[in-house]
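Chains as they are written, first to last, in numbering that gives the first Met the number 0: chain A, 0 to 334; chain B, 0 to 334. Glycine included, every Cβ here is placed at the ideal spot set by N, Cα and C.
There are 2 protein chains.
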Amino acid sequence: MSAPRTDAGASTDLVILQALRGQSTGYVSGAELAERLGLTRSAIWARMQELRQRGYDIEASPQHGYRLVSSPDALVGDDLLARLGRGTIIGRQIQVFRETRSTNDVVERLARDGVGEGVVVFAESQTQGRGRLGRSWVSPAGKGLWFSVLLRPRLLPGETTRIVILAAVAMVRALRAFRVPAIEIKWPNDILCRGRKLVGVLTEMQAELDLVRHVILGIGVNANLEAGDFPAAVRPNATSLRIEGGQPVDRAALAVTILRELDQAYRRLSAGDFESLAAEWAASCGTLGKEVCIRVGDRLIRGRAEALDDTGALLVRTEHGRLEAVVGGEVTLVH
Amino acid sequence: MSAPRTDAGASTDLVILQALRGQSTGYVSGAELAERLGLTRSAIWARMQELRQRGYDIEASPQHGYRLVSSPDALVGDDLLARLGRGTIIGRQIQVFRETRSTNDVVERLARDGVGEGVVVFAESQTQGRGRLGRSWVSPAGKGLWFSVLLRPRLLPGETTRIVILAAVAMVRALRAFRVPAIEIKWPNDILCRGRKLVGVLTEMQAELDLVRHVILGIGVNANLEAGDFPAAVRPNATSLRIEGGQPVDRAALAVTILRELDQAYRRLSAGDFESLAAEWAASCGTLGKEVCIRVGDRLIRGRAEALDDTGALLVRTEHGRLEAVVGGEVTLVH
Numbered sequence: 000m001s002a003p004r005t006d007a008g009a010s011t012d013l014v015i016l017q018a019l020r021g022q023s024t025g026y027v028s029g030a031e032l033a034e035r036l037g038l039t040r041s042a043i044w045a046r047m048q049e050l051r052q053r054g055y056d057i058e059a060s061p062q063h064g065y066r067l068v069s070s071p072d073a074l075v076g077d078d079l080l081a082r083l084g085r086g087t088i089i090g091r092q093i094q095v096f097r098e099t100r101s102t103n104d105v106v107e108r109l110a111r112d113g114v115g116e117g118v119v120v121f122a123e124s125q126t127q128g129r130g131r132l133g134r135s136w137v138s139p140a141g142k143g144l145w146f147s148v149l150l151r152p153r154l155l156p157g158e159t160t161r162i163v164i165l166a167a168v169a170m171v172r173a174l175r176a177f178r179v180p181a182i183e184i185k186w187p188n189d190i191l192c193r194g195r196k197l198v199g200v201l202t203e204m205q206a207e208l209d210l211v212r213h214v215i216l217g218i219g220v221n222a223n224l225e226a227g228d229f230p231a232a233v234r235p236n237a238t239s240l241r242i243e244g245g246q247p248v249d250r251a252a253l254a255v256t257i258l259r260e261l262d263q264a265y266r267r268l269s270a271g272d273f274e275s276l277a278a279e280w281a282a283s284c285g286t287l288g289k290e291v292c293i294r295v296g297d298r299l300i301r302g303r304a305e306a307l308d309d310t311g312a313l314l315v316r317t318e319h320g321r322l323e324a325v326v327g328g329e330v331t332l333v334h
Numbered sequence: 000m001s002a003p004r005t006d007a008g009a010s011t012d013l014v015i016l017q018a019l020r021g022q023s024t025g026y027v028s029g030a031e032l033a034e035r036l037g038l039t040r041s042a043i044w045a046r047m048q049e050l051r052q053r054g055y056d057i058e059a060s061p062q063h064g065y066r067l068v069s070s071p072d073a074l075v076g077d078d079l080l081a082r083l084g085r086g087t088i089i090g091r092q093i094q095v096f097r098e099t100r101s102t103n104d105v106v107e108r109l110a111r112d113g114v115g116e117g118v119v120v121f122a123e124s125q126t127q128g129r130g131r132l133g134r135s136w137v138s139p140a141g142k143g144l145w146f147s148v149l150l151r152p153r154l155l156p157g158e159t160t161r162i163v164i165l166a167a168v169a170m171v172r173a174l175r176a177f178r179v180p181a182i183e184i185k186w187p188n189d190i191l192c193r194g195r196k197l198v199g200v201l202t203e204m205q206a207e208l209d210l211v212r213h214v215i216l217g218i219g220v221n222a223n224l225e226a227g228d229f230p231a232a233v234r235p236n237a238t239s240l241r242i243e244g245g246q247p248v249d250r251a252a253l254a255v256t257i258l259r260e261l262d263q264a265y266r267r268l269s270a271g272d273f274e275s276l277a278a279e280w281a282a283s284c285g286t287l288g289k290e291v292c293i294r295v296g297d298r299l300i301r302g303r304a305e306a307l308d309d310t311g312a313l314l315v316r317t318e319h320g321r322l323e324a325v326v327g328g329e330v331t332l333v334h
């Protein structure tokens, strides 16, 4: 009997990491791996040595084989894939860069080259990380999750607010799974913890008039930043999982949880179920029900944030009693 | 007294062509040109020789100086600039390529490099000219006007239909100035002559959720194509100014007229006067008042095209009596 087949294109490391992570006993035998990969047992041994050099603590037992004891605090594409498992749209392909200008720029190039949706690009650090409206985003090496996802949704340009809603819902779910307390969504796309920014989302699109070619969802998660990692100007309004929880988080585990939640939320949207996403979003949104002041370009809109409409726009009841649909902009809560 | 100053960056050819085209007497003296440009009279003579080699018929008279008799049937950036005059936004910078993949692609790169709005790129031929929704656009060398305009309007992604309306209005005005009969707009962005396609517009944008970074208006004008220049599949539904008028048109003059009309329409939009543009558009639109069937992605919308809304979307009264706002899509008239 032959060993179970793996994907034709899967790398040796991916197969090894899948096997190490997939064993409920904890051990996978060198003989089995060798057969599955068509390599000699000494070649498998050499690969294990290399993984050890990359920070993986792998125990070897003559009786039982190999066992993964711990992983390095680094993002490794093959390992993220191994942990994510197969069958997701988002994360069907993962690239990790040590440093890049901006992961959105990398994904933009991939999109223009015709790469399919679901590809995710992480960078350990970004030299020119971007926030919304041309602002910069601090992305120090090894401290956060800075990544971008390529989507090709069937939406009109005016409907892409839905992607932001989806991302916010997925982020809230992932953060709650990591027991981060006091999470709330600040419309349209910030995630706050105790009122301070924990996650930012930058949604960029390329479109014809009536056809979105692609959307790039750029997400920055302040995972293990310490107060001193933030520039002074940002510090009072920013926080991280580490600051909130008092200890570093496993960034790879967090990344996998986020990608899985994004994938599920995207499937809900694609299945036409925006309504339940919007309801879930509303339940976590600190902006709804509040008096707000929103700057959209030159305009200032004041009123009470009442609900979302079916495109994802915020419905604001203005002073004049009119209900206005607002797409994006700079929100200030009025006290 | 010194000669009038020209723009610091203006090329010698631009200044010479401006002078030749700007003289009501028809003549411009070599001495005056030499002084204005800080060149010797023999250097001016050499430039004139070079312009002659590029197809300009320039007469030289010992008494009066130089006079432009005729221009070549070629698009020359400096000459288009000279004819357009100063003070326009659209066309403040003009590049002409002999051949390119797609002028929209060239402008996209310029946009990403931070070039300001108003730059226009022409190509004598495109190897991969694009129409809407991924279709190809036939762009044989020297037969048409294939060009793209970079705009940075203050619009939301859902409002860019306005740019299409603006372009259609400008095209209708320019074609009427060229006495093309039986022009009508097919919503959203084709210009038909006697029911056949004369002009196509492809609007592409790069945007954040609530901020259009840039819009690229790609326009293809079938100027001097003959029936045999169109692929057989397209021939029955396509036409050109040459086919309609029975003789070739001056492409450069047409280009200048179009750019001037685009500039004026863009100023109207920027000044907040979308209403009058929409009214003008409606007056030339063959789609309004008709029973239509519109394919938007997977959906088929049937009904009577009644009006435009304030974003530029088409309002269709469906069979159920509901008024639906349609953004783009494939329109068929129902007979």
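Check: Which listed residue (B:Y26, B:S41, B:A281 and B:L13) has its alpha carbon closest to that of B:Q62; Outcome: B:Y26
Check: Rounded straight-line distance, which links the Cα of A:L299 to that of A:V326; Outcome: 13 Å
Check: Interface partners of B:R153 on chain A, CB under 7 Å; Outcome: G296
Check: Min CB distance A:Q263 to chain B below 8 Å; Outcome: no
Check: Buried or exposed (CB count within 10 angstroms, at least 16 for buried), B:N188; Outcome: buried
Check: 8 Å contact criterion, which A:D78 and A:S70 should meet: CB distance rounded; Outcome: 7 Å
Check: Cβ pair B:I88, B:A173 closer than 8 Å; Outcome: no
Check: Within chain A, partners of B:T286 - CB distance below 8 Å; Outcome: Those do not exist, as B:T286 stays about 15 Å from chain A at its closest Cβ, beyond 8 Å.
Check: Inter-residue Cα distance where the pair is B:A312 and B:A324; Outcome: 6 Å
Check: Interface positions of the segment 206-229 of chain A facing chain B (Cβ-Cβ less than 7 Å), listed along the chain; Outcome: A206, E207, L208, D209 and L210
Check: Cβ distance (whole Å) where A:R195 is taken to contact A:N236 below 8 Å; Outcome: 6 Å
Check: Touching by the beta-carbon criterion (3+ pairs, under 8 Å), the segment 206-221 of chain B and the segment 35-43 of chain B; Outcome: no
Check: is_contact[B:E203, chain A] using C-beta, thresh 8 Å; Outcome: yes
Check: B:L322 burial status per 10 Å Cβ neighbour count (16 or more: buried); Outcome: exposed
Check: B:V163 at chain A interface by Cβ criterion, 8 Å; Outcome: yes
Check: B:L144 classed as buried or exposed, judged by whether at least 16 other C-beta atoms fall within 10 angstroms; Outcome: buried
Check: Alpha-carbon spacing of A:A231 relative to A:T202, whole angstroms; Outcome: 26 Å
Check: Any beta strand (DSSP E) of 3 or more consecutive residues that is wholly inside the segment 27-102 of chain B; Outcome: 56-60, 64-69 and 92-99
Check: Beta-carbon neighbours of B:T160, restricted to chain A and to distances below 7 Å; Outcome: L208
Check: Burial state of A:D297 (16 or more Cβ within 10 Å); Outcome: exposed
Check: Segment contact, 8 Å Cβ cut-off, at least three pairs: the segment 155-164 of chain A with the segment 140-159 of chain B; Outcome: yes
Check: Simplified DSSP state of A:W145, which is helix, strand or coil; Outcome: strand
Check: Runs of alpha helix (DSSP H) lying entirely within the segment 271-309 of chain B, each at least 4 residues, in chain order; Outcome: 273-282
Check: Neighbour-count burial assignment, A:E98, 16 or more Cβ in a 10 Å radius; Outcome: exposed
Check: Residue from B:D309, B:E305 and B:G328 whose Cα sits closest to the Cα of B:T317; Outcome: B:E305
Check: Residue from A:V14, A:I93 and A:A169 whose Cα sits closest to the Cα of A:L261; Outcome: A:A169
Check: Distance, B:L210 Cα to B:A73 Cα; Outcome: 38 Å
Check: Contact between the segment 11-18 of chain A and the segment 40-56 of chain A (3+ Cβ pairs under 8 Å); Outcome: yes
Check: Per-residue contacts from B:V326 into chain A (C-beta, under 9 Å); Outcome: L155, P156, G157, L208 and D209
Check: Interface residues of chain A facing B:P187 [CB-CB closer than 7 Å]; Outcome: L208
Check: N- and C-terminal bounds of the beta strand (DSSP E) containing B:Q125; Outcome: V118 to Q125
Check: Pick from A:E225, A:R161, A:P139 and A:G115 that is closest to A:S269, judged by C-alpha positions; Outcome: A:R161
Check: CA nearest to the CA of A:V171, picked from A:A281, A:H319, A:L83 and A:E31; Outcome: A:A281
Check: Beta carbon proximity, B:G131 to chain A, threshold 8 Å; Outcome: According to the sequence provided, residue 131 of chain B is Arg. The question's Gly does not apply to it. At least one chain A Cβ lies under 8 Å of B:R131.
Check: Beta bridge counterpart(s) of A:L268 as assigned by DSSP; Outcome: Answer is none; A:L268 lacks a bridge partner.
Check: Which residues DSSP lists as bridging A:A324, in chain order; Outcome: A:L314
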